[in-house]
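In the UniProt record's numbering, the protein residues as written are 1 to 114.
These notes concern the structure reproduced below.
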Amino acid sequence: MSDFITVMRETCPTPVVDATKWKRIGGDPHTVNLNAYLSEDGSKIMGTWICTPGKFEVEYDKWEFCHFLDGYCIITPEGEQPVHLKAGDVFVIEPGMKGTWEVVETVRKYFVFA
1 MSDFITVMRE
11 TCPTPVVDAT
21 KWKRIGGDPH
31 TVNLNAYLSE
41 DGSKIMGTWI
51 CTPGKFEVEY
61 DKWEFCHFLD
71 GYCIITPEGE
81 QPVHLKAGDV
91 FVIEPGMKGT
101 WEVVETVRKY
111 FVFA
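Dropping the structure here:
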């Protein structure tokens with residue numbers, strides 16, 4: 001096994017329910033995190049995130065890569081136009097982004113925080 005490559009093929013992440021730090025501001029959204037990787041220093045994490053419909057107030061202090069597998073949501077940065085995201089979309093959110101994240105249809109996404 002390499003010290004530089006981590007293969008996720010054999011991972012069996014434990015589901016973590018409703019662990020989001022985001023403030024719920026609409027509906028009754030529930031989340032499941034399937035965290036497949038955490039760096040030794042805790043600064044990087046990747047996995048799958050599932051969320052039912054609802055709305056959160058968000059503030060990013062880390063960079064996030066997302067690949068939507070299912071669902072539809074609207075992310076609205078403060079003072080900017082809403083961004084509509086759906087299954088198949090790949091995007092990055094930069095640190096410092098504040099605004100809202102509204103899950104319209106249950107979302108399932110791969111994510112990497114770094």
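Backbone N, C-alpha and C define an ideal beta-carbon position, used for all residues, glycine too.
For G54, the enclosing beta strand (DSSP E) covers residues 54–59.
A36 carries a strand assignment under DSSP once its states are collapsed to helix, strand and coil. Nearest neighbour of T100 by Cα position, chosen from H30, V7, T6, K55, turns out to be K55.
Judged by beta-carbon spacing, H30 lies within the 8 Å limit of T52, meaning their Cβ atoms are closer than that value. At the C-beta level, I74 and V104 come within 8 Å of one another. The region 63–79 makes no contact with the region 10–22, as fewer than three CB pairs between them are under 8 Å. For F4, the secondary structure class from DSSP, reduced to helix, strand or coil, is coil. Within 10 angstroms of the beta-carbon of V58 lie 16 or more other beta-carbons, which makes it buried. Nearest in C-alpha terms to W63, of all of G26, N35, E40, G96, is G96.
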